[in-house]
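I have placed the structure first, in the form of structure tokens, so that the comments after it can refer back to it.
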Amino acid sequence: MEVVPVKQSPKAVSATDLRVSYGKVIALAGIDLELEPGVPVALLGPNGAGKTTLINVLTTMLKRFGGQAE
């Protein structure tokens, strides 16, 4: 059987071990995320789950306290 290499596409968003806290309240703890260009994504969760905080970190509107985002 012939092995066909898979074309690696660049990531639209890549985040590793993102951490954010507000004082003693931990908003994000160890978030890992990779999003492909052109692929729709839904971010779902209950109130206070960190959805808006994650978007604010990814758009650089909020400083992360740990991890890496590109």
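Sequential numbering from 46 applies to the sequence shown in the working numbering.
Note that beta-carbon positions come from the ideal geometry of N, C-alpha and C, so glycine has one too.
Cutoff 7 angstroms; reference residue i; Cβ partners in own chain excluding five residues on either side
{"i": "Gly75", "result": "Asp62, Arg64"}
{"i": "Ala57", "result": "Leu80, Glu81, Pro82"}
{"i": "Val86", "result": "Leu80"}
Spatial distance of residue i from residue j (CA atoms)
{"i": "Leu114", "j": "Thr97", "result": "First, the amino acid is wrong: residue 114 is Ala here, not Leu. Looking at the two C-alpha atoms, the distance is approximately 15 angstroms."}
{"i": "Glu47", "j": "Glu79", "result": "29 angstroms"}
{"i": "Ser66", "j": "Phe110", "result": "7 angstroms"}
{"i": "Leu89", "j": "Ile100", "result": "12 angstroms"}
{"i": "Ala60", "j": "Leu103", "result": "8 angstroms"}
{"i": "Val84", "j": "Lys69", "result": "35 angstroms"}
{"i": "Gly112", "j": "Thr105", "result": "13 angstroms"}
{"i": "Asp77", "j": "Leu107", "result": "17 angstroms"}
Three-state secondary structure (DSSP) of residue i
{"i": "Val48", "result": "coil"}
{"i": "Leu107", "result": "coil"}
Beta-carbon contacts of residue i that lie in its chain and below 6 angstroms, excluding the five residues immediately before and after
{"i": "Gly95", "result": "Ala72, Leu73"}
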